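Protein chains in written order, with my numbering: chain A, 310 to 425; chain B, 2 to 116.
Below you'll find the structure, written out as structure tokens, and then a few comments.
Structural data, given as structure tokens:
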């Protein structure tokens, strides 16, 4: 089945450790995105990538890093510089990198990160 | 700058009631796209509808309907004869042509449908 995979669903880390969240898609989509969701709030864009080997900062990129070495993969690293990393992280992809008739984003199941 | 406002933080209804979720947006672009997503308790966002700025026709899909009015910058979502399975957080989102494929989300409306 085509879709977006995020693993693990729950992740616990000690304060001060870097942690990498995985996101894989087999939809052959060009664009991929990372969002952060805090309780009772909407989604905020961390980073996005419109094409392989290229990515842009979103609204809350500080303390995060990404890479896009393959079309199907867009891992997110939460670094120790992120002051409040505990949150729900959602990865998404869209068929094309620019607005258009089919540019809806499809989401993975999310990873809930808890930093102890 | 683009902005999406969902003024209703929480709505609670009894099964079979109709319910409307409000969405108001701000944009300077003439070409833009509006979306609704559903987030059930499992957490994954489910795409419901996309509408572009040049298409103001209302749309109906089963018990769901959407009312897009450019004059009031609103894109409201109505669920007719609500069911318990409709309980979820619903997000409205906006994508501007000049912002690439970025989505700006509203803060969401928690809908609870009680039996």
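Beta carbons are placed, not taken as given, at the ideal position from N, Cα and C, and that holds for glycine.
Remember, predicted model here, so these are calculated numbers, not experimental data.
Next item on the list: Tell me where the beta strand (DSSP E) around residue 75 of chain B begins and ends.
Entry: Here residue 75 of chain B corresponds to residue number 74 of the second chain, with the count starting at 1. Per DSSP, residue 75 of chain B belongs to the beta strand (DSSP E) from 75–80.
Next item on the list: With 7 Å as the limit, tell me which residues of the region 328–352 of chain A have their beta carbon closer than that to any beta carbon of chain B; keep them in chain order.
Entry: 340, 350, 351, 352
Check: Tell me, which residues are paired with residue 53 of chain B by DSSP?
Finding: On the second chain, position 52 is the one that residue 53 of chain B refers to. The partner list for residue 53 of chain B (beta bridge, DSSP) reads B/34.
Check: Excluding the five sequence neighbours on either side, which residues of its own chain have a C-beta within less than 7 Å of the C-beta of residue 32 of chain B, listed in chain order?
Finding: By 1-based counting over the second chain, the position of residue 32 of chain B is 31. Around residue 32 of chain B: 54, 98.
Check: Can you round the beta-carbon distance between residue 26 of chain B and residue 95 of chain B to whole angstroms, since I take them to be within the 8 Å contact cut?
Finding: As a first step, residue 26 of chain B is located in the second chain; it is residue number 25 there, counting from the start. As a first step, residue 95 of chain B is located in the second chain; it is residue number 94 there, counting from the start. Indeed, because the Cβ distance is near 5 Å, the residues count as touching under 8 Å.
Margin query: Just to confirm the assignment, what range does the beta strand (DSSP E) spanning residue 68 of chain B have?
Written below: Residue 68 of chain B sits at position 67 when you count from the first residue of the second chain. Counting along the chain, the beta strand (DSSP E) containing residue 68 of chain B begins and ends at 65–70.
Note to self: Let's see if you can read the secondary structure: which residues bound the beta strand (DSSP E) around residue 46 of chain B?
What the structure shows: As a working note, residue 46 of chain B is residue 45 in the second chain. Residue 46 of chain B -> no beta strand (DSSP E), and no H or E assigned at all.
Item checked: Within chain B, partners of residue 362 of chain A - CB distance below 7 Å -> On the first chain, position 53 is the one that residue 362 of chain A refers to. Neighbours of residue 362 of chain A on chain B: none; closest Cβ ~17 Å, over 7 Å.
Notebook entry, point to check: Thinking C-beta only, is residue 354 of chain A closer than 9 Å to residue 103 of chain B?
Noted result: On the second chain, position 102 is the one that residue 103 of chain B refers to. On the first chain, position 45 is the one that residue 354 of chain A refers to. It is a contact, given that the beta carbons lie within the stated cut-off.
Check: For chain A, is any of its Cβ atoms less than 9 Å away from the one on residue 46 of chain B?
Finding: In the second chain, residue 46 of chain B corresponds to position 45, counting from 1. Yes, because at least one Cβ of chain A sits closer than 9 Å to the Cβ of residue 46 of chain B.
Notebook entry, point to check: Hey, is the region 318–328 of chain A in contact with the region 378–393 of chain A, meaning 3+ C-beta pairs nearer than 8 Å?
Noted result: yes
Checklist line | Where residue 8 of chain B falls, given that 16 or more other Cβ within 10 Å makes a residue buried | finding: Translated into the one-based positions of the second chain, residue 8 of chain B becomes position 7. Per the 10 Å Cβ criterion, exposed.
Item checked: Contact check, residue 383 of chain A vs residue 334 of chain A, beta carbons under 9 Å -> Walking along the first chain from the start, residue 383 of chain A turns up at place 74. Walking along the first chain from the start, residue 334 of chain A turns up at place 25. Going by C-beta atoms, residue 383 of chain A is nearer than 9 Å to residue 334 of chain A.
Notebook entry, point to check: Near residue 115 of chain B, which residues of its chain fall below 6 Å by C-beta distance, leaving aside the five closest residues on each side in sequence?
Noted result: If you number the second chain from 1, residue 115 of chain B lands on position 114. The residues are 15.
Notebook entry, point to check: Roughly how many angstroms separate the alpha carbons of residue 85 of chain B and residue 418 of chain A, rounded to a whole number?
Noted result: On the second chain, residue 85 of chain B is found 84 positions in, with the first residue counted as 1. On the first chain, residue 418 of chain A is found 109 positions in, with the first residue counted as 1. Going by the C-alpha atoms only, they are around 22 Å apart.
Checklist line | residue 358 of chain A beta carbon less than 9 Å from that of residue 370 of chain A | finding: In the first chain, counting from the first residue as 1, residue 370 of chain A sits at position 61. In the first chain, counting from the first residue as 1, residue 358 of chain A sits at position 49. No.
Margin query: Here's the rule: buried if 16 or more other CB atoms are within 10 angstroms of the residue's CB, otherwise exposed. What is residue 413 of chain A?
Written below: Taking the first residue of the first chain as 1, we reach residue 413 of chain A at position 104. By the 10 Å Cβ count, residue 413 of chain A comes out buried.
Item checked: Per-residue DSSP class, three states only, for residue 333 of chain A -> Counting from one through the first chain, the residue named residue 333 of chain A turns up at place 24. The answer is strand: DSSP assigns residue 333 of chain A an E or B state.
Checklist line | Buried versus exposed, by CB contacts within 10 Å (16 or more), residue 64 of chain B | finding: Locating residue 64 of chain B in the second chain gives position 63, counting from the first residue. That one is exposed.
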